[in-house]
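**Q** Handing you a structure now.
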Amino acid sequence: MRINKYLAECGVASRRACDKLIAEGHVKVNGKVAALGEDVRDGDDVTVDGNAVRRRLSHSYYLMNKPKGYVCTVKDDKDRKTVMQLLPAGAGRLFPVGRLDYDTEGMLLFTDDGDLAFRLTHPKNEIEKTYLVKIEGFITDAELNRLRTGIELDGKMTNKSRIRLISIDKRFTKLHVTIHEGRNRQVRRMFEAVGKHIVFLKRIKIGDMGLGSLERGAVRKLTPEEIFYLTNL
Ligand code: URA
-15 MRINKYLAEC GVASRRACDK LIAEGHVKVN GKVAALGEDV RDGDDVTVDG NAVRRRLSHS
45 YYLMNKPKGY VCTVKDDKDR KTVMQLLPAG AGRLFPVGRL DYDTEGMLLF TDDGDLAFRL
105 THPKNEIEKT YLVKIEGFIT DAELNRLRTG IELDGKMTNK SRIRLISIDK RFTKLHVTIH
165 EGRNRQVRRM FEAVGKHIVF LKRIKIGDMG LGSLERGAVR KLTPEEIFYL TNL
């Protein structure tokens, strides 16, 4: 098996993050620094920074309703609160699948199944993510059309998105926005590009899976059905 896949299945990190660890020389196979793309076999002695890595037969899968005011990193260099602090004690060595901004709320998956994390976050798999977006004021049809057909961010157009108007009142407009990429601060930057500032952003769906009644800040294990759904997306 390819070494990055093996490390991901062992729960070290996502496949891409494992490639970085390999490229940086953190990984050894039978005492020799591993090369990118190398294969490992049963019985090989694999270590990351000297720690033995073993393939686990079962993985853990959790869903969090992330509150705003938490960063999606294991340790924040500015000492802000991290999503890891909301995980139950004894949940094991989990990592978040993808990211939500500090100010963004909603669905965040955690697992030690690097293979699933890789598939859910790889742009080629185009997994749909739906956000509840609240902006101040109104949005015109022309602005909605620009958002739907694609916005240039960092010199590259975003893919088409689906946008549904949910409510309009005197001060705010709420929308559901479905995208299938995961560029940095993508939704916020798309709206900024049409002159709209997002005052509230929450991820409400991954594929067709939603948060259900999970309270803000709460965490629960995924059901076997949800795990099956995600692994077959
Ligand atoms: N888009 C954003 O702008 N922020 C997020 O956290 C997720 C998607």
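Quick note on numbering: the numbering used here labels position 180 of the sequence shown as 164, and the sequence is numbered without any gaps. Yeah, the Cβ is synthetic: ideal placement off N, Cα and C, and Gly gets one too. Being a predicted model, the structure only gives us computed values, none of them experimental.
1) Listed by chain order, which residues have C-beta atoms less than 5 Å from any heavy atom of the ligand URA?
2) Between which residues of its own chain and D60 is the CB-CB distance below 7 Å, once the five residues before and five after are set aside?
3) What are the start and end residues of the alpha helix (DSSP H) that includes L5?
4) So, with DSSP's three-state summary, where would you put N216?
5) With E127 as the anchor, note down where its alpha helix (DSSP H) starts and where it stops.
6) Which residues does DSSP pair with Y(-10) in a beta bridge?
7) Does the region 124 to 143 come into contact with the region 177 to 192, if we say contact requires no fewer than three beta-carbon pairs (one atom in each stretch) closer than 8 Å?
8) Any contact between the region 195 to 206 and the region 134 to 148? By contact I mean 3 or more CB pairs, one from each, below 8 Å.
9) Run the CB neighbour count on F94, radius 10 Å, all protein chains shown included, and call it buried at 16 or more, exposed below.
10) Among N35, V32, I6 and E165, which residue has its Cα nearest to the Cα of E22?
11) CA-CA distance, G218 and R148?
12) How about the region 97 to 107 and the region 115 to 125: do they share at least three Cβ pairs that are nearer than 8 Å?
13) In the structure shown, what three-state DSSP assignment does A101 receive?
14) In the DSSP assignment, the beta strand (DSSP E) including V32 goes from what residue to what residue?
15) Excluding the five sequence neighbours on either side, which residues of its own chain have a C-beta within less than 7 Å of the C-beta of R169, listed in chain order?
16) For E209, name the three-state secondary structure that DSSP assigns.
17) Please report the straight-line C-alpha distance between T57 and D192, rounded to a whole angstrom.
18) Please go through the same chain and pick out, in chain order, the residues whose beta-carbon is closer than 7 Å to the beta-carbon of H10, but skip the five residues on each side of it.
19) Could you tell me whether the Cβ atoms of N(-12) and D3 are closer together than 8 Å?
20) Going by Cα to Cα distance, which pick from L159, I111, F156 and S44 is closest to R167?
21) Would you mind sorting P72 into buried or exposed? The rule is 16 or more other CB atoms within 10 Å of its CB.
**A** Per the coordinate set shown:
1) Those satisfying the condition are, in chain order, L84, D85, T88, R169, Q170, V171 and R172.
2) Indexing the sequence shown from 1 puts residue 60 at position 76. Contacts found: T66.
3) Taking the first residue of the sequence shown as 1, we reach residue 5 at position 21. From DSSP, the alpha helix (DSSP H) with L5 extends over R(-1) to A7.
4) Position 232 of the sequence shown, counting from 1, holds the residue named residue 216. In the displayed model, N216 falls within coil according to three-state DSSP, outside both helix and strand.
5) Taking the first residue of the sequence shown as 1, we reach residue 127 at position 143. Counted as a single uninterrupted DSSP element, the alpha helix (DSSP H) harbouring E127 occupies residues D125 to T133.
6) Within the sequence shown, the letter at position 6 stands for residue -10. Y(-10) pairs with nothing; no bridge assigned.
7) Three or more Cβ pairs closer than 8 Å define a contact, and the region 124 to 143 meets that threshold against the region 177 to 192.
8) By the Cβ criterion, the region 195 to 206 is not in contact with the region 134 to 148, since fewer than three pairs of Cβ atoms, one from each stretch, lie closer than 8 Å.
9) Indexing the sequence shown from 1 puts residue 94 at position 110. Counting the other CB atoms within 10 Å of its CB gives F94 a total of 16 or more, which places it among the buried residues.
10) Walking along the sequence shown from the start, residue 22 turns up at place 38. The closest CA to that of E22, considering only N35, V32, I6 and E165, is found on I6.
11) Lying outside -15 to 217, the shown extent of the chain, residue 218 is not represented and no answer is given.
12) Using a C-beta cut-off of 8 Å, the region 97 to 107 makes no contact with the region 115 to 125, since fewer than three inter-stretch Cβ pairs fall below that distance.
13) The sequence position of residue 101 within the sequence shown is 117, counting from 1. Three-state result, A101: helix.
14) Reading the sequence shown from its first residue, position 48 is the one you call residue 32. Counting along the chain, the beta strand (DSSP E) containing V32 begins and ends at V30 to V32.
15) Start at 1 with the first residue of the sequence shown, and residue 169 comes out as number 185. The residues are D85.
16) Here the question's residue 209 lines up with position 225 in the sequence shown. Residue state for E209 is assigned as helix, using DSSP reduced to three classes.
17) Position 73 of the sequence shown, counting from 1, holds the residue named residue 57. Position 208 of the sequence shown, counting from 1, holds the residue named residue 192. When rounded, the distance between both Cα atoms is 26 Å.
18) By one-based count along the sequence shown, residue 10 stands at place 26. Excluding residues within five positions, the ones whose Cβ falls inside 7 Å are V32 and D33.
19) The residue labelled residue -12 in the question sits at position 4 within the sequence shown. The residue labelled residue 3 in the question sits at position 19 within the sequence shown. In contact: N(-12) and D3 (Cβ atoms closer than 8 Å).
20) Translated into the one-based positions of the sequence shown, residue 167 becomes position 183. With distances taken between Cα atoms, R167 lies closest to I111.
21) For this step, residue 72 is matched to residue 88 along the sequence shown. Exposure of P72 is indicated by the presence of fewer than 16 other C-beta atoms within 10 angstroms of its C-beta.
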